[in-house]
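> This structure is in structure tokens; I'll ask about it shortly.
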Amino acid sequence: MGHYTGQDVELPSAQLQLLEGFYLRLNFDRACRDMPAVQYVALAQRRTGCQGAGDRYVYVDTDGALLACPFCRTPRGSALEGRLDDSLRALGTLGCPAEEVSRGG
-12 MGHYTGQDVE LPSAQLQLLE GFYLRLNFDR ACRDMPAVQY VALAQRRTGC
38 QGAGDRYVYV DTDGALLACP FCRTPRGSAL EGRLDDSLRA LGTLGCPAEE
88 VSRGG
């Protein structure tokens, strides 16, 4: 999508491991309990699929568009216009297009 369409932008394994270690340390190491929690959405997506998809959460961009997750670029409604229930139902029914791409769909 955008300027990076068709380009290999996946981080190397060593960098992914570094990010995962940072996430685990800040969230689960007792020595870091006074530090802010870190959310690593891509880790959860790689392990179990999209955590959003209108099921557990939705992503609202700066224009008020409702998207399944931060990686999805297909709006399924608006937080500012129309019926929110209809938009949430569409998100839940249609799922996350970014998840299909990440799985080769």
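In my numbering, the protein residues as written are -12 to 92. Virtual Cβ for every residue (Gly too), placed ideally from N, Cα, C.
Note down the Cα distance separating P57 from L30, rounded to an integer number of angstroms.
For this step, residue 57 is matched to residue 70 along the sequence shown. For this step, residue 30 is matched to residue 43 along the sequence shown. So the two alpha carbons sit approximately 13 Å from each other.
> Quick one: using the 10 Å Cβ neighbour count with 16 as the cut-off for buried, is L81 buried or exposed?
Within the sequence shown, the letter at position 94 stands for residue 81. Exposed, by the Cβ-count rule.
> Which residues mark the beginning and the end of the alpha helix (DSSP H) in which G79 is found?
What you label residue 79 is simply residue 92 of the sequence shown in a count that begins at 1. Taken as a continuous stretch (DSSP letters only), the alpha helix (DSSP H) holding G79 covers L71 to L81.
> Roughly how many whole angstroms lie between the Cα atoms of T49 and L3?
On the sequence shown, position 62 is the one that residue 49 refers to. On the sequence shown, position 16 is the one that residue 3 refers to. Each residue's Cα considered, the two are about 28 Å apart.
> By DSSP's criteria, V45 is part of a beta bridge. Which residues make up the other side?
Against the sequence shown, residue 45 aligns to sequence position 58. DSSP output for V45 lists no bridge partner at all.
> Taking Cβ positions, are V28 and Q38 nearer each other than 8 Å?
For the purposes of this step, residue 28 is identified with residue 41 of the sequence shown, where counting begins at 1. For the purposes of this step, residue 38 is identified with residue 51 of the sequence shown, where counting begins at 1. A contact, by the Cβ cut-off of 8 Å.
> Under a Cβ-count criterion, where at least 16 other Cβ atoms within 10 Å of its own Cβ denotes burial, should Q32 be classed as buried or exposed?
To locate residue 32, count along the sequence shown from 1; it is residue 45. Buried, since its Cβ has 16 or more Cβ neighbours within 10 Å.
> Along the chain, where does the alpha helix (DSSP H) that runs through L65 open and close?
Here residue 65 refers to the residue found at position 78 when the sequence shown is read from its first residue. For the sequence presented, residue 65 should be read as Ser rather than Leu. First-last for S65: undefined, no H or E at that position.
> Is DSSP giving L54 helix, strand or coil here?
The residue labelled residue 54 in the question sits at position 67 within the sequence shown. In this structure, L54 counts as strand in the three-state DSSP scheme.
> Can you tell me whether R60 is helix, strand or coil according to DSSP?
By one-based count along the sequence shown, residue 60 stands at place 73. Note: R60 maps to coil in three-state DSSP.
> Which class does E(-3) belong to by DSSP, given the choice of helix, strand or coil?
What you label residue -3 is simply residue 10 of the sequence shown in a count that begins at 1. Of the three classes helix, strand and coil, the one that applies to E(-3) here is coil, per DSSP.
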